[in-house]
Structures are given as structure tokens and as C-alpha cells.
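Chains as they are written, first to last, in the UniProt record's numbering: chain A, 1 to 151; chain B, 1 to 151; chain C, 1 to 151; chain D, 1 to 151; chain E, 1 to 151; chain F, 1 to 151. For glycine and all other residues, C-beta sits at the position ideal for the given N, C-alpha and C. Because the structure is a prediction, the values reported are computed rather than measured. Below is one structure, written out as C-alpha cells; the observations come after it.
Number of protein chains: 6
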Amino acid sequence: MLTKDRWYDDHEVGERRETVGRTITEADIVLHAGQTGDFFPHHMDAEWMATQPAGQRIAHGTLILSVAVGMTAGDINPQAMSYGYDRIRFIRPVFIGDTIRVTAEINEMSLHAKRPDEAGYLHELVTVTNQHGDTVMVLTHLYLVNRRTKD
Amino acid sequence: MLTKDRWYDDHEVGERRETVGRTITEADIVLHAGQTGDFFPHHMDAEWMATQPAGQRIAHGTLILSVAVGMTAGDINPQAMSYGYDRIRFIRPVFIGDTIRVTAEINEMSLHAKRPDEAGYLHELVTVTNQHGDTVMVLTHLYLVNRRTKD
Amino acid sequence: MLTKDRWYDDHEVGERRETVGRTITEADIVLHAGQTGDFFPHHMDAEWMATQPAGQRIAHGTLILSVAVGMTAGDINPQAMSYGYDRIRFIRPVFIGDTIRVTAEINEMSLHAKRPDEAGYLHELVTVTNQHGDTVMVLTHLYLVNRRTKD
Amino acid sequence: MLTKDRWYDDHEVGERRETVGRTITEADIVLHAGQTGDFFPHHMDAEWMATQPAGQRIAHGTLILSVAVGMTAGDINPQAMSYGYDRIRFIRPVFIGDTIRVTAEINEMSLHAKRPDEAGYLHELVTVTNQHGDTVMVLTHLYLVNRRTKD
Amino acid sequence: MLTKDRWYDDHEVGERRETVGRTITEADIVLHAGQTGDFFPHHMDAEWMATQPAGQRIAHGTLILSVAVGMTAGDINPQAMSYGYDRIRFIRPVFIGDTIRVTAEINEMSLHAKRPDEAGYLHELVTVTNQHGDTVMVLTHLYLVNRRTKD
Amino acid sequence: MLTKDRWYDDHEVGERRETVGRTITEADIVLHAGQTGDFFPHHMDAEWMATQPAGQRIAHGTLILSVAVGMTAGDINPQAMSYGYDRIRFIRPVFIGDTIRVTAEINEMSLHAKRPDEAGYLHELVTVTNQHGDTVMVLTHLYLVNRRTKD
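What follows is the structure, encoded as C-alpha cells:
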């Protein structure tokens, strides 16, 4: 983990990052149920899910979201902070044993409305795919980033 | 955990739920780092954070999000599915030892564009507050819910 | 999780609750060994258990007990407290991948010997079954519950 | 962990074992909530518990039970199996930071009703105390143990 | 867990201990990644590893090391302390579902250079094997042990 | 996490990396005891340790080792594999709340004895310090790295 200053002005639309893969395990689901208290049978009851359309247990949406965001964490950038997320959509279920990968691409940049000389927002489109290449989740990650100050 | 059918038509704008409290612990942060792989010093390094404006370690945004959504899980409703989240914003940091509560209020309902007779969306505003009554996070949770079928 | 006052006098023998199912996973056993320090090969050594009558690893008794009691936790009742358990019996082993369900039925009620006007005991028979409908564990959960005070 | 045959006939009433201590931590409670799904505010909400008679969060009964039984696990005895528990009573709450110790004493032995030549029950009284010497939990652990076969 | 004084002079070269087995699970790897922050795809990405020579995910070296050392922990010896490890070598990969056993044998003893009357080192060769009898890891565990004081 | 080929010939003695800090928490110790099965009172019994020279619980050696090695994991290098560790020494205890940092410096390089044209060993000295700047652990991490092949 490196610390590296990157300012708003160092970024551009189209900038793109891609992660290695991570297999979502039964242990991940058990741990996520344990962290959140969500023991819904959709995630925890293999017998019942075998009778449902999905046919098997599915990962919690917040698990995939948390892991995917974690997978995109790269260098520490003292000039940026995570501001929020927009439009999180669960496109397809993630099953035990699926392997996800994440791509993150800046698809919009906008200066701060009140302090345009000081900061701006990066809108990073985060796309999570499984081993079949299907998109399972998307979200937009917003970062508030300082502008490079003049000397 | 009860299973109970509730249809789109059984809901109304203004419907509101409130949870009991939950204290966010150091163990929660350690476990969330372990689940997501995000070991940023903002969450894991007490010494360094003592030198930063926050003054202490802060919880991961995805931890608060996951726990808050988990806290709002109530009865199992076979007629509803979690469709996504909109406009997640991290308003204030959550520190180790803070106790959060969650309120969830339906503030918008909209019929499905293509199948208005069959389903609609609930927009539930989820507000997370700490023990001081300060809002720390907000998000809109979208549910896609079946309409009650006529007989 | 709702908070709801229920007094001794609000209950009756025969009252019965039933949970949804939960699959006992390898991760549950690993976590329970980690919590209790019980790493007996009966739970942890797949090779050796393949040579034993059971043929495979079995869940810790205290794991099934803890999960089953947890699964019966419903509303918060300020008038009741968990007093103890009687006659816990492990009837059949629970294997990795088994799905358990729990029924809890009040089969006895008795007033407090010294304060019969103030409190009484509920004896709730907790029965844990697997996906084959076999009973794997039973216990009696005792609650000490306040009597409804007159006005 | 050693494997050592001990038969019913090798035991006697009054036989007594004592463990070292173990401090019950906030992490233990968080992990136990996660394993059982019991997120009752009695265990998880420090703010609310500060307003209650106990004054602070208390450990789950099943946590203390599971840890105490785990602490008494000694050698592996192929001649014995855990048959069940009787009369578990929660005497005093266990708080975060309390250190428990466990003593286990055989206080009754009884031959198997139908197969008295083959097996018998050990009734081991398990007593859990805290760092003040107060008893916090008791239970009777029943073991079914083979009798030494004649040659 | 027993407390038992054993002095340097109570040991001899050739003394040997052997543990029961323990199966290394997917949950162990997930938990070890979570504890160490090492989410390398060698341990976490089943899809990618299927394309590599190993053919499947492998356990972290530090997981096998930590578990193996833990498995050799026996009685508490107030006269000994863990001084360090020498020459840890990872001979073969450990896969999910492999069952390891550990033998520990004192193969060298040496008096403390400056205080030969007071203490000495035990060099214990720790050998980890899998269910096929193949050695997967070796290390030398050094203990600094007090000498029996004369009266 | 990036994948980046670095050959033996791309390294040199004196090359040095430094990590950010990480606070060792009570939860880390609880989780490590749970992973390894080492529940020695030195790590788990606050009451008893208050009567010992250290005055408080200390982290497991294998915890600090595992975390420190994990903290030095950087880019994925397909040309290198972890070969083993030499001379691990525990210099000072690590207490709950201590914050460790790790430096890793190549202090020796040696060609493979039988295949000097193909591979070599990096000897990386890993030094773990606490928040007071005291060294708490050292080890040498050996990597076997391919040599850049001529074209």
C-alpha cells in the first residue's frame, strides 16, 4: 500500500482500472451474515433455495458491494475522499463459487459547485462481472478530490 | 423471522420503520477489513489517525452501509426483491464505540414503466444516526414489489 | 427487531413457533472451533472421520445449541428473561451441509414459588430437525416472565 | 491434544478438573452474535444498556456456555461421548472484560439402565466463575462412557 | 490445558510429539486472508488458479505455519518461552481439503552462551505432513528454557 | 493489486520498502487464537497477565509474523515465489493497541546453486517496529526469483 498524491487535475475521463479476480465463498456469506445480522434464507438455507428459481443460495448484495469496493482500493491518496455511491444495481445473482472481477472507469468529472477552484468530483463507474463475463452489479463511486493548488 | 406477503398496494408513502441501536466496535472494523481487503490506515492505524483531523480510526463506509441495511431487514416478503440503492452519502464519520440507529421511510412509490399492472418500486429513505442524533449516512433503498393480483 | 411487552399471562401452553431453515456450513464449524477452542478431530479432521462410524465431520453440540437458540430469538420482550435450559440432548449428529429448522412450543407454565403474583416460568420445548425431518437436538428453554400487574 | 482411553470404571465421584482463565472480550460477543444471529441490544447496544440495570452490555448465555464447555475439553477419550447437558442456569451476567474460569467435578455416576455391563453416565458439574470468584453459570455435563470390557 | 514446569534438564534430544490431524478448509484461507490482508489470487481466485500449474487455490504459507505451531502447543510450561523459528521451508502446497499432521522432535540442545548455568535452547524440528504422507512444511522452533536450579 | 514481472536481475541489495502502520487489536488476538487453537493465557487471560512481568496480554508470535508478512505483500510478481523464512526472532512483546510498521530490505542475493542462469534467491530482511520505534520482530524472507531470460 503506497501513499501518493493525486489531484483532481491529474485525472481524466476514460481512466480505467481493472482488478484481479476473487472467488466468493460460502465462508464469505457466513461472515457477511454474521456482520450484518441478515440471515435471510436466500443466503443461508440451501434446502429451500433448491426449490426456488435461483436454485441455490445467493450472496448478499451488500457483500458483493463491499468486496467490489474493497477490490478497487489502490494507493492511498491524501487528496481524495470517498463521498458516496450512486445508482447501485444488482443485475444478476452471485452464487457460491463464482469469481468476480471489477473494472472502475472515470466516466464523469465535475467541479465542486461552490468551490470550483478547490475541489471536484470524480464519478467512477464500477462494474462487477462474474467468470462468465456477465455483469452482476454496477455502481458509481463518487470521490471528492482536491485541485492542485497553484504555487 | 416471519414470512409474510406484502404487495406493492399494501404500502404507502410515509410508512416508517425504526430499529433498535447497535454499537459499532473495533471488532466490526477488523472483520470488515478482513472481508473486503481494505486495510487503509484510516480504519486500521490508531497512531496515524491520532495525527489527522478525525483524531481516531473511522469505520469503513461499506461497513456502515452493510450493517444499516442489515438492521432494516424485517419479515421475509416473497413479493419483494431488493433492486438497488440510490444516492448513498457518508455525512459524518462513525467512530469505534458509536451507536447507530436506522430509520427507513417510504418517500416515493412508482409503478414499473413497462408492467404497471404487475409491479412497482418502493423508494425507502434509510437514515443512519449516531448516539448524538447526528445523521451519519443516508441512502435510498429501492425494492421491486409485485402488485396484488386481482381475483 | 421489535420491542413488545408480553406478560406471563399472555402466554398459554401449546403456543408454538417455527423458524425458517439454516444450513450448517463448514465455515460455521471452523468459526465455532475458533470461538470455543474445541479443535477435536471429530469436528476438524475429515480424513480421520472418514474412518469412523459417522463417516464425516460432525458439528459441535454447542454450535447447534447456540444457533438453534439464536434462531428462536424473536421480538424483544422487556418482561421476560432467559433463565436457563433443561435437558439438552444430542439425538443425531449434524453434518456439514445439513439444514436445520427449529420449533419451539410452550409445554409447561409454572408460577414462581415465592412470588406467584409477580412472575412465572415458561418451559419452551425447543426441537431441532434436519432436512430429513429427523430430530437432531432437543432442549427446554426456561424463561422467567413478569405477570401483568393490575391497575 | 492427546488420545487416551478412559473407561467408566476409571472414574469416581469427586474427580475434579480446573481450567486456566479466559477473558471474555467485545470481539467474542461480536463473533457470537455473528454466529447465532442474536443481535439483541442487550449484547450489542452500549448506549441503551447504559440506561438499564446492568449498566453495560452482557455476554450471550450461549457464548458463556460454549466457551466454558470448550475450556473443559481435555484429552480425546475414544470411550466417551457427550450425551447432553442438564440444568443450565445463568446466575450472574458476564460483562466485557470479565475473566472466567471453569471447574468440572463428577458428582454422580449411574450405570446405563438397559446395558449396565457395557456403559454408564458421568454427571459432571460444570461451574463457571468470574474474576471476583462469583459463580456466573452452572450446568451438568452428561457423558456416556463405555465400561472396561473383561478379557 | 495444564500448567507444568519442565526445565531444560528435563528434556533430551530425540524427544518427539505428534498431533492429531486438522483439515485445512476454504474458511481457514478466507479468515487468514482477512487477518493478514493478503488477498493474492493464488489463495483467493479459483478461476485463475485452475489455469495455473497448481490447478487450484493454495493455502497461505503463514496459515500453515500458524496452524502447525498452534497444533504443537501443549501444556503451559512456565520455564520456557518461544524464542524464534529457524529455516522455515514450504516444500509442497497445501490445498483446500488437505489434512495436515505435525510432528515435533528435539534434534538439538545448546546451553545459553553467557548464562550456561541458567538456561539453554531447545531446537525442535517441526514437520508438517499431508494426508498422503508428503512433507509440506518444515521449521525449527527454538525455545529458551530455564535450567533446574540447584537447592 | 497489480501484476508486474520483476526478475532476479531487476533487484539489487539495499532495495527497501516501508509499509503504513497497523494497530494490533484485541480482535486480532481473538481471531488468531481462533485460527490456530492457541488459547494460552498469555494471550487470553487479562487477569493472570496483570500478575506477570509483562503486565498485560501479548500477541501471538505467529500473529505478528503473519500480519507483518501480509503487510509487505505488494504487486503480484509472476517471476517470484515465497521460498521460506530464516531466523525469525521475537525481540519484544506486542501488546493490544500497539501499532506496528514493517520495513523490508534486500540484504543479500544469491544465485541458485544448480541453475545459476535461471534463478536466484532474494534475502529480504523484514523488521517490525512498534509506535515507540522499538524493534519487536525480525525475520529474513527468502524469495526464489527467475532470471531474465535472454532473447
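I'd like to know whether the C-beta atoms of residue i and residue j end up nearer to each other than 8 Å.
i, j, result
"Met1(A)", "Thr19(F)", "yes"
"Val13(F)", "Glu118(F)", "no"
"Gln79(B)", "Thr99(B)", "no"
"Tyr121(F)", "Leu139(F)", "no"
"Arg115(A)", "Trp7(A)", "no"
"Gly70(F)", "Gly37(E)", "yes"
"Thr72(B)", "Val102(B)", "yes"
"Val128(E)", "Val136(E)", "yes"
"Leu63(E)", "His32(E)", "yes"
"Trp48(B)", "Gly21(F)", "yes"
"His11(B)", "Ile106(B)", "yes"
"Arg57(E)", "Asp86(F)", "no"
Could you tell me if residue i is buried or exposed, where buried requires 16 or more neighbouring beta carbons within 10 angstroms of its beta carbon?
i, result
"Glu26(D)", "buried"
"Pro41(E)", "buried"
"Asp28(B)", "buried"
"Ile96(D)", "buried"
"Ile91(E)", "exposed"
"Gln35(A)", "buried"
"Arg16(B)", "exposed"
"Asp45(E)", "buried"
"Gly55(B)", "exposed"
"Ser110(E)", "exposed"
"Ala59(F)", "buried"
"Thr3(C)", "exposed"
"Ala68(D)", "buried"
"Ala113(F)", "exposed"
Helix, strand or coil, according to DSSP, for residue i in the structure here?
i, result
"Gly37(B)", "coil"
"Ile29(E)", "helix"
"Glu47(B)", "helix"
"Ile64(C)", "helix"
"Gly9(B)", "The question names Gly, but residue 9(B) is Asp in the sequence shown. Here Asp9(B) sits in helix by DSSP."
"His42(F)", "helix"
"Gly70(E)", "helix"
"Arg57(D)", "coil"
"Ile24(B)", "coil"
With DSSP as the reference, please indicate the residues paired to residue i in a beta bridge.
i, result
"Ile76(D)", "Thr3(D)"
"Val94(F)", "Per DSSP, none; premise fails for Val94(F)."
"Arg101(A)", "Thr129(A)"
"Tyr85(C)", "His141(C), Ile88(D)"
Name, please, each residue of chain G whose Cβ falls closer than 9 Å to the Cβ of residue i.
i, result
"Val20(A)", "Here chain G cannot be found, since the structure's protein chains are A, B, C, D, E and F."
Cβ of residue i within 7 Å of any heavy atom in the ligand ADP?
i, result
"Val128(F)", "Among the components modelled here there is no ligand, and therefore nothing to report on the ligand ADP."
Locate the beta strand (DSSP E) running through residue i, then write down its first and last residues.
i, result
"His123(F)", "119 to 129"
"His141(D)", "135 to 146"
"Glu18(B)", "16 to 18"
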